[in-house]
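Data first, discussion second: the structure below is written as structure tokens.
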Amino acid sequence: MSLPASDALSGLVDGYRHHPALGGFDELLGSDGVRPHQQPVADTIEALGLGGLLAARAEARGFVLDEGVEHGTSDGPRPWNLDPLPLVLDPAEWRHLERGLTQRAQLLDLVLRDLYTDRTLLRRGVLPAAAVLSHPGFTRQADHLDSTGRQLLLTATDLGRDPAGAWRVISDRTQSPVGAGYAMVTRRIVSRVMAGLHRSSDLARLRGFFHTMTAALADAAPTAAETPRVVVFAPGTASDHAFDTSFLATMLGFVVAEADDLVTSQGRLWLRAGDRLEPVDVLLRRVPATLSDPLEFRGDSQFGVAGLVEAARTGQVRMANPVGAGVLDNPALIAHLEPIAQALLGESPLLDSPATWWCGDPAALSHVTANLDRLVLKPLARGRAEVRYGWELSSSERTDLLARLRAEPWSWCGQEPLELSTTPVVTGRGLEPRRFMLRAFGVAADNEYTFLPGGLGRVAGSVRQHTISSSTGALAKDVWLPSSALPGRSRSTARLRLAVPATVRPSQVSPRVAGTLLAIGRHAERAEATARLLKVADDLTEDYSSRPGTPGSAAMIVLTDALATITGIAPGYGEAPVDYLRRATLDPALPGGVAYSAGVLTDRAQQVRDLLSVDSWSVFARLENTLAVVPDADTQLQPLLDDVLESLLAYSGIMAQSMVRDSSWAFLDAGGRLERAQHTLKLLRATLLRTDPPETADLVGEAVLRACESIITHRRRAATGTGPREARESAFQLLVQDDSNPRSIAHQLTAAAAGLRLVGDELLAARAEALHDRLDGLPPASGSGAGAEPLAWFAELAADLDALEERIADRHFVRQATRRSAEPVATRWTPGA
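Note that the sequence shown covers residues 5 to 837 in our numbering.
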């Protein structure tokens, strides 16, 4: 069966199918037409047409931006790039793949154990020693690191389909398997973009795999803890896979910890949680092995924890995967996998790889150099040199590569090229066939390996591109697997979950996280308070900038001067008021401005992504888009500031309604409370402790009440006689002393004290309450002049608020000292040596 020829899009598909240069849509079309399991996708293509497909692609990109899905490149983070068309795998085909992947994972597990214990493969010559010892993933420090149970807890395998339709293994990713989080977020987005197709398809769900991973990692704990603590060990937001790490941690329910959050003591690994140390049983490692422990590997590493390897060596912590697992990411293993499988399993691999020759063998080197023009040349160490395609080399490049091969033959492999199958990708010109690669993910659970149904698909960035990677513009594909491929799997997964105690998040957060959360709360409130003040100042400017000498004009000047005092952004010489206000709103390089505070807010949020609601990222994206305006004379601030406030209020609502009231919430809330109290105090000092005429003072008082969202309460109380009629006097009462007003300094100090008690700091909670009690002593500040006493009282309160924040930082945000460069310590090659 083929796609209806009457549709122009079908004609395009058929044209590509027979195009001699581009090949066909191999994953969609077979020799007899549409593959049966791909028919729903083909029908969707036909129904949507090119316009519908382009709309789906645009919608997918919108979801990516809304959720802040990024991946790292050499030029910095970029939005995750995905194609809206899913790829469906045949159930029978997947069952064969799963059997092959299970065998391969078991084989690699045995290889890993052997290389770091008995080394029989090397002693018997099954695997050339030079092929292993020359690989940077082989680490002496991992010798006998863990000789019990499964060595390889997590696996990732890259596969491609050859022209005969058989799946072949391209490479293994065992050092730190990444991408499962990207697979899940790709499924989330495609299921929304292709909602009708998704609803009508009975698919194997992905969530069960993550439940299994949670249970399996907890079950891997080497200690007898009733509830093992599992921590995701990550290098931070600078990592290329920071999003994948934080999203995976959210799915698993584990804490993300950086080097500053961890410490070794008494032979154990500990998580710094508030003023306590909590033991860590299992480490899901995302930090490269050579950077994971500055005492064992690179002494200049700022991402590692000194003593980590020793804690693993003594059996106090289990790493997934162990630091020596990178040796399996070695293409030389592929060249020798048949004899390895026979030696360890007594059988041949179920999944083949392209023919591979390790150049450390003279005969293999001779074959590779003689056939260089048709082979793929792969360095043993991924990242130290580029993969080279012999047929693409110029004469000089070919000469240089031959010289490198002869100088260091052990560091290269030659491989037969694999002409990967293609799958349709939506482009502005219509559908294009792109080479396709599948990454499969596995976890060792309950004495077997379980695999993510389908995995993560990747397609080349262009029609003629061979290398499929994020750095070359690859796109993600959602890989669908009918549920019939996994009979009974969901029930076994549920039993496994129930057999393991639930892993709980620590009651206290680390100093790094605590400081980050407080900064998030502070900058969110700073952006909101500044936006409100700008909104009022802009309103006065619109009304009175052309009416100098009036009380309104004087009030406008007072508010503008207050804005400059609070933000530290001074008006330029001769700068028009409205231009100054636009600059304070939209210039991201001005500390104190709205755009700057919003940028810091988003940046800090990325650092603790696993703690925040997923709904917050669409708010951040909308806020970022709102403030991306290039200011000009036509930029209207009022609607723009309304949009900014809408986003910030949405963020505040999400946080208030989604975060459990634990230490995470306490520090986040405390940052906002302290910032609001300090901002209100600065605003009152800059506006109402002045000697202005009554008409101006009253306008300024009303403007301050508007900026602090208290004008309605003032008017209602003034009208009923339950509050001062004078706006200036009412502002002091409402914004300083009124506990019932959520905008008052009194309310902030009460809430801050409650938060400090939540983190167990009774001393600073009492200090915040003492500051609250002093508010009753506010000296009278009504009339045309404030006098010296109110000025001194406000100055003293401001100093005490600053001191309170400094004490919080001293007690809760103390970071570890910066590591100094040191040489790796000498380690024993084998126990007892």
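For each residue, glycine too, the CB sits at the ideal point set by N, CA and C.
Taking the C-alpha atoms as reference points, what is the distance between residue i and residue j?
i, j, result
"F817", "S474", "36 Å"
"Q820", "A701", "50 Å"
"L775", "E282", "34 Å"
"Q642", "V582", "11 Å"
"F142", "G328", "6 Å"
"A242", "D70", "20 Å"
"A187", "A293", "24 Å"
"A755", "G764", "14 Å"
"L126", "P132", "6 Å"
"L645", "L332", "55 Å"
"D304", "P239", "14 Å"
"S668", "G164", "44 Å"
"R204", "S195", "The sequence given here places Ser at residue 204; Arg does not occur at that position. Cα to Cα, S204 sits roughly 11 Å from S195."
"L111", "L631", "54 Å"
"A339", "H139", "14 Å"
"Q640", "I570", "23 Å"
"S415", "M441", "25 Å"
"R128", "P343", "11 Å"
"P843", "A588", "Because the chain spans 5 through 837 in this model, residue 843 falls outside it and cannot be assessed."
"A568", "A580", "14 Å"
In terms of alpha-carbon separation, which member of the options lies closest to residue i?
i, options, result
"D297", "P326, L281, R276", "P326"
"A660", "G525, F247, S466, T554", "G525"
"R747", "V708, G465, T606, A411", "V708"
"T431", "G330, A518, V463", "V463"
"V313", "L157, I716, A146, W669", "A146"
"D814", "P515, A135, Y120", "P515"
"R317", "G727, D150, T106, E102", "D150"
"V321", "L615, V267, G278, A374", "V267"
"Q270", "A246, R302, G319", "G319"
"S617", "R128, R99, A253", "A253"
"Q436", "S488, Q43, L58, V513", "First, the amino acid is wrong: residue 436 is Glu here, not Gln. Out of S488, Q43, L58, V513, L58 has the C-alpha closest to the C-alpha of E436."
"L105", "T554, L397, V447", "V447"
"E733", "E809, D743, R721", "R721"
"F736", "V284, L687, G759", "L687"
"A168", "P95, G55, F214, E31", "E31"
"C712", "P698, S620, T534", "T534"
"G80", "L739, A62, D244, A109", "D244"
Under DSSP, the alpha helix (DSSP H) around residue i begins and ends at which residues?
i, result
"D777", "766 to 778"
"Y548", "515 to 548"
"G435", "For the record, residue 435 in the displayed sequence is Leu; it is not Gly. That residue, L435, is in no alpha helix (DSSP H); its beta strand (DSSP E) goes 434 to 449."
"L312", "312 to 317"
"F734", "According to the sequence provided, residue 734 is Ser. The question's Phe does not apply to it. Residues 731 to 736."
"I338", "335 to 339"
"P728", "Counting along the chain, P728 falls outside any alpha helix (DSSP H), and DSSP gives it neither H nor E."
"P581", "581 to 590"
Where does the unbroken beta strand (DSSP E) through residue i begin, and where does it stop?
i, result
"P174", "In the sequence on display, residue 174 carries Ile and not Pro. Segment 171 to 176, the beta strand (DSSP E) holding I174."
"Y851", "Shown here, the chain extends from 5 to 837; a query on residue 851 therefore has no answer."
"L808", "Looking at the DSSP string, L808 is not in any beta strand (DSSP E); the run it does join, the alpha helix (DSSP H), is 792 to 816."
"M323", "322 to 324"
"L93", "Segment: none, L93 is in no beta strand (DSSP E) and carries neither H nor E."
"L275", "272 to 277"
"D162", "158 to 165"
"S269", "266 to 269"
"A261", "259 to 261"
"V236", "234 to 237"
Going by DSSP, which residues form a beta bridge with residue i?
i, result
"W361", "G418"
"A389", "R386"
"A480", "L86, R462"
"G34", "G37"
"E282", "L275"
"P428", "P437"
"E74", "P83"
"P486", "L207"
Is the segment 449 to 463 in contact with the segment 67 to 76, if contact means three or more CB pairs nearer than 8 Å? no
Contact between the segment 286 to 295 and the segment 218 to 225 is defined here as three or more beta-carbon pairs at a separation below 8 Å; is this criterion met? yes
Do three or more CB pairs link the segment 170 to 178 to the segment 49 to 57 at distances below 8 Å? no
For the segment 395 to 413 and the segment 349 to 369, state whether three or more C-beta atom pairs, one from each stretch, are separated by less than 8 Å. yes
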